[in-house]
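S.K.:
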Amino acid sequence: MVPSSPLAPTSAVQNNPPRSTSPPEELNEEQLREIYENEEIERFLHIFSTYVKEVKAPDTTGLNNAATSPENAAAGEGTWAFPNDTPDAHATPRSTSPPTYSCFSEEVAYRLLLPNLPPPRAPPPEFTINRFRLAVQRLYLAVVPHYLPFLSRLYRLANWHDRWRSLSFCVGFWFLWWYDLLPAAFVFNLLLVLLNRRLLPYPTISELKRHREEVHDADKVGEQLSRRLAITSFETRDVWRLAKRIAFLSRDDGNGKRSAHPVPHDDPSGEDPSEQTVLEDTSDPEEVQEMKRLGLFLMNEIADLHERITNIFIWREPASSRLYLFLLTMMFFTTLLLPTKFIMKAFSGTLGFLFWHATPVITALSPKDRLRMPPLLSNVPTDAEYSMKIISQRVTAGLEINPSKFTKKSKAPVTDISTNSGAYEQESRELSVHAESDRHKVVSERWKQVGNAIDTGKSLLRDGRRLLSEIQDGNLLLEPSIKARDRVPDTHTFPAQHSSSPGLITFTPTTLYFTPLTSLNARLSISMQDITGVKKTGVLKGLDIRWIEVDAAGRKTEKLDKFAWVKSRDELFARVISANSSTKWTRTI
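Its first residue numbered 1, the sequence shown is counted upward by one per residue in UniProt numbering.
#1: Can you look up residue 400 in the DSSP assignment and give me helix, strand or coil?
#2: Check residue 527 in the structure and name its three-state DSSP category.
#3: Distance check for residue 160 and residue 144, CA to CA, integer angstroms please.
#4: Taking DSSP as the reference, what is the three-state secondary structure of residue 160?
#5: Please check the pair residue 142 and residue 303, which I expect to be a contact at CB under 8 angstroms, by giving their CB distance rounded to whole angstroms.
#6: Tell me whether residue 576 is buried or exposed, calling it buried when 16 or more other Cβ atoms sit within 10 Å of its Cβ.
#7: Whose CA, out of 346, 315, 334 and 332, lies closest to the CA of residue 379?
#8: Distance, Cα to Cα, residue 328 vs residue 148?
#9: Looking at C-alpha atoms only, which residue of 365, 355 and 183 is the closest neighbour of residue 112?
#10: Alpha carbon to alpha carbon, how far is residue 193 from residue 326?
#11: How would you call residue 288, buried or exposed, if buried means at least 16 neighbouring beta carbons within 10 angstroms?
#12: Please state the DSSP three-state secondary structure of residue 545.
#13: Can you tell me the Cα-Cα spacing of residue 338 and residue 331, whole angstroms?
#14: Taking a contact to mean a Cβ-Cβ separation below 7 angstroms, would you say residue 566 touches residue 560 in this structure?
#15: From which residue to which residue does the beta strand (DSSP E) around residue 513 run?
#16: Could you tell me whether the Cβ atoms of residue 490 and residue 509 are closer together than 7 angstroms?
#17: For residue 554, count neighbouring C-beta atoms within 10 Å of its own C-beta (all shown protein chains included) and say buried if the count is 16 or more, exposed if not.
#18: Excluding the five sequence neighbours on either side, which residues of its own chain have a C-beta within less than 7 angstroms of the C-beta of residue 306, listed in chain order?
#19: Is residue 577 helix, strand or coil when you go by DSSP?
#20: With burial defined as no fewer than 16 other Cβ atoms inside 10 Å of the residue's Cβ, what is the status of residue 162: buried or exposed?
#21: Just the C-alpha distance for residue 377 and residue 291, rounded to the nearest angstrom, thanks.
#22: Let me know the secondary structure DSSP gives residue 372 once reduced to three states.
#23: For the alpha helix (DSSP H) containing residue 304, name the first residue and the last one.
#24: Go ahead and label residue 39 buried or exposed: buried means 16 or more other beta carbons lie within 10 angstroms of its beta carbon, across all protein chains shown.
#25: Just the Cα atoms here: how many angstroms apart are residue 224 and residue 136?
#26: What number of angstroms, rounded off, separates the C-alpha of residue 359 from the C-alpha of residue 523?
#27: Less than 7 angstroms between the beta carbons of residue 564 and residue 497, yes or no?
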């Protein structure tokens with residue numbers, strides 16, 4: 001379990017204190033909560049950096065087709081499925097003859113259901129090992145920590161390992177059964193869990209330790225899965241080894257050191273084009289590709305549902321949690337006051353209505369229209385959606401948003417090689433990962449210094465030209481020159497390769513500029529309010545930006561600018577979508 005708001009910009013987070021090198025058993029509650037807050041921030045930044053690949057603005061009406069420069073068109077890599085590419089369900093059909101329906105369910109689906117559905121979601125993505133690894137990690141973290149302890153407790157109760165505990169539960173069960181209070185007791189237990197996290201927002205020390213272990217175990221499962229699937233063949237014994245790894249993962253605690261998650265892979269597109277595993281073989285029949293895509297989609301849907309349920313009980317979105325608190329309260333009084341036979345009739349009647357009447361209506365929709373069906377508990381954010389909110393809050397607060405800056409800097413104490421060689425090897429691997437992370441951080445800082453130096457040099461040249469021009473005209477004024485050197489406080493520069501030429505991207509809270517290296521003036525100027533879509537592309541960390549241009553006549557045209565390479569692409573991506581707080585972005589994988 002996790003606290004309700006561990007990601008608020010607390011003083012501990014702002015100062016980024018070094019992580020303690022003491023084992024979890026030696027940490028007090030305050031130190032463990034501080035480490036937990038930092039790790040939760042890092043985990044959400046990692047989710048955002050790795051899992052959020054594209055965002056789109058809501059549908060914008062009155063736009064012409066997207067205009068693309070010739071060099072952009074040549075470098076294009078597929079079309080974007082924007083909300084305005086989908087026909088409006090409310091629009092009147094152009095055909096004068098009334099539409100014909102094959103059955104009553106289809107008529108209900110298209111006349112009553114479809115006009116009230118939200119815009120379509122993104123279609124299921126193609127299967128890749130990186131997407132599969134992320135889905136397994138999310139599914140493990142959302143399902144295993146909750147179901148395995150619950151099933152273990154049920155097993156111990158059923159086998160009477162603790163006689164007094166089993167006896168008390170047995171007597172309580174038959175007492176509630178005799179007085180028809182089992183449904184009310186079940187709902188009341190859910191109410192207690194929901195209220196407990198509201199009244200006690202921080203978890204206990206044991207829950208903090210267990211959560212660190214769960215995150216660590218999920219990452220190890222993903223690593224083992226990637227290793228097993230990264231070979232050219234995948235045999236039955238590999239499945240058995242992976243199953244054993246998951247089953248006995250809690251016993252393999254290594255050297256007692258748990259980390260939030262490994263350093264993110266530098267794989268911006270979600271796949272490695274140089275190597276294809278047996279599961280990524282594109283020569284498979286279309287049916288096999290569709291099955292893999294469907295399996296990945298179902299895994300993500302199950303993980304999303306469990307994340308939403310968890311976020312209800314830990315009050316990630318207080319308005320949604322209050323709504324479900326009200327519903328649970330009404331259900332409790334209903335199950336407490338109504339006779340059991342009426343409750344069973346209502347429950348079985350609901351299931352029968354969904355099976356016999358709702359299912360035919362939903363299946364009557366086309367596959368494209370079924371994508372408009374909202375997911376269960378859609379008013380509650382998933383971890384990826386919540387990470388976008390956290391990114392916006394951290395950008396507003398001026399905090400660090402690059403996940404590499406939060407990688408572990410703590411070094412485990414030296415272990416006796418003669419007594420524990422396995423722990424020493426694990427420690428060596430962790431130290432190499434830390435060194436690689438520090439190297440990436442230094443390189444990123446140097447690139448920022450290069451970008452700032454180029455930007456400063458161009459500003460000096462621009463001011464020098466202005467100064468010479470004013471001297472020649474005899475209108476030398478020092479005050480405008482001084483003001484010209486003033487910088488916007490929140491300005492960031494990113495070296496980039498546009499489809500036309502290399503240059504420098506300058507980000508401000510209101511505008512995005514691109515200035516070629518051979519020019520002193522910005523060739524591209526995009527207002528943040530005009531951006532309708534941002535997408536990560538390519539293996540070189542590229543970025544596509546779709547925006548609206550308004551001409552002199554007031555006509556709006558969508559334009560697309562492609563950057564084949566952007567240094568610190570994830571940071572720019574996060575800042576762009578966080579700059580316009582009024583836009584409700586639609587996330588795609």
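Quick reminder that beta carbons are idealized off the backbone N, C-alpha and C, glycines included.
Only a predicted model underlies this, so the values are computations on that prediction, with no experimental measurement involved.
M.R.: According to the data block:
#1: When secondary structure is reduced to three states using DSSP, residue 400 falls in the coil class, being assigned neither helix nor strand.
#2: In the structure shown, residue 527 sits in a strand (DSSP, three-state: E or B).
#3: The C-alpha of residue 160 is placed about 24 angstroms away from the C-alpha of residue 144.
#4: In the structure shown, the three-state DSSP call for residue 160 is coil.
#5: With 8 angstroms as the limit, residue 142 and residue 303 qualify as a contact, their Cβ atoms being about 5 angstroms apart.
#6: Answer is buried; the Cβ neighbour count reaches 16.
#7: Selection 346, 315, 334 and 332 evaluated against residue 379 yields 315 as nearest (Cα-Cα).
#8: Whole-angstrom Cα-Cα distance: 25 angstroms.
#9: The shortest C-alpha to C-alpha distance from residue 112 to any of 365, 355 and 183 is the one to 365.
#10: Their backbone Cα atoms lie some 14 angstroms apart in a straight line.
#11: With fewer than 16 Cβ atoms within 10 Å of its Cβ, residue 288 is classed as exposed.
#12: In the structure shown, residue 545 sits in a strand (DSSP, three-state: E or B).
#13: Spanning the alpha carbons of residue 338 and residue 331 requires a straight line of approximately 10 angstroms.
#14: Between residue 566 and residue 560, the CB-CB gap reaches or exceeds 7 angstroms.
#15: Per DSSP, residue 513 belongs to the beta strand (DSSP E) from 511 to 516.
#16: Yes; because the gap between Cβ atoms is below 7 angstroms, this pair is in contact.
#17: The residue is exposed, with fewer than 16 neighbouring Cβ atoms inside 10 Å.
#18: Only 142 and 143 meet the Cβ criterion.
#19: In the three-state reduction of the DSSP assignment, residue 577 falls in the helix class.
#20: In this structure residue 162 is exposed. Its beta-carbon is surrounded by fewer than 16 other beta-carbon atoms within 10 angstroms.
#21: Straight-line spacing of the CA atoms in residue 377 and residue 291 works out to 26 angstroms.
#22: Assigned with DSSP and collapsed to three states, residue 372 falls in coil, not helix or strand.
#23: Residue 304 -> alpha helix (DSSP H) spans 286 to 313.
#24: Buried.
#25: Their Cα atoms are separated by approximately 11 angstroms.
#26: Note on geometry: alpha-carbon atoms of residue 359 and residue 523 lie some 54 angstroms from one another.
#27: The Cβ atoms of residue 564 and residue 497 lie closer than 7 angstroms to each other.
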